Amino acid sequence: MVSIPAPAQALLGSDAVAHVWTSNPDGSPQVSVVWVIVQDDEVLFGCDGSSHKARNLRQNPRVILSIEDDERNERGFQRHLVIRGRATIEDGPQPDVMDRLARKYVGLGRHPLSLRDSATAVVVRVEIDRISGVGPWVDEPEREQVGSG
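Quick note on the numbering used here: the sequence shown kicks off at -8 and runs consecutively.
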């Protein structure tokens, strides 16, 4: 497991949302936006257990999260954090996680779709294999062409 460097922790602690990529059964990508928090060098998010992302992660736990920063680097490129890892789905009520997400993103004490109210909600834990992107969270900036993924 990779430790999350302080600059990445700061971005993950902001109100920036994450785009999560999973693989559909046919290999095509599935992308959605999630609220994230960090806990013990893992990234957590909640979702409905019947969602495409949850079904995909049960079949293939490989996942990519992309979080865009609101700053640009010295070359003018938008800073962004890319996390590649493996997801574990935790079934069962975890209202504390969902409520932390709601406080962070919308200032509510209780998540509108709190796990305590949803029989199908799950928490996804992402164990990080690799951190990349453009920003202070990487030692060497990725040498990507503008517009490439």
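Don't be surprised by glycine CBs; every beta carbon is placed ideally from N, CA and C. Here the structure is a predicted model, which means the values were calculated and not measured.
Residue 133 versus residue 125: straight-line alpha-carbon distance, rounded: Residue confidence for residue 133 is low, a pLDDT of 49 falling below 50, so the modelled location carries little weight; the figure read from the coordinates is stated next. Those two C-alpha atoms are separated by around 6 angstroms.
Span of the beta strand (DSSP E) around residue 100: Neither: residue 100 is in no beta strand (DSSP E) and is coded neither H nor E.
Burial state of residue 70 (16 or more Cβ within 10 Å): It counts as buried.
Whole-number beta carbon distance between residue 78 and residue 97, since they are thought to touch under 8 angstroms: Not quite, the Cβ-Cβ distance comes to about 24 angstroms (not below 8 angstroms), so this is no contact.
Reduced DSSP category for residue 21 - H, G, I as helix; E, B as strand; rest coil: strand
Buried or exposed (CB count within 10 angstroms, at least 16 for buried), residue -3: Under a 10 Å Cβ-count criterion, residue -3 is classified as exposed, with fewer than 16 other Cβ atoms of the shown protein chains found around its own Cβ.
Spatial distance of residue 4 from residue 16 (CA atoms): 32 angstroms
Coarse secondary structure for residue -4, derived from DSSP in three states: Shown here, residue -4 sits in coil according to DSSP, grouped into three states, outside any helix or strand.
8 angstroms CB neighbourhood of residue 51 in its chain, flanking five on each side removed: Only 13, 14 meet the Cβ criterion.
Residue from -7, 81, 72, 127 with nearest C-alpha to residue 38: 81
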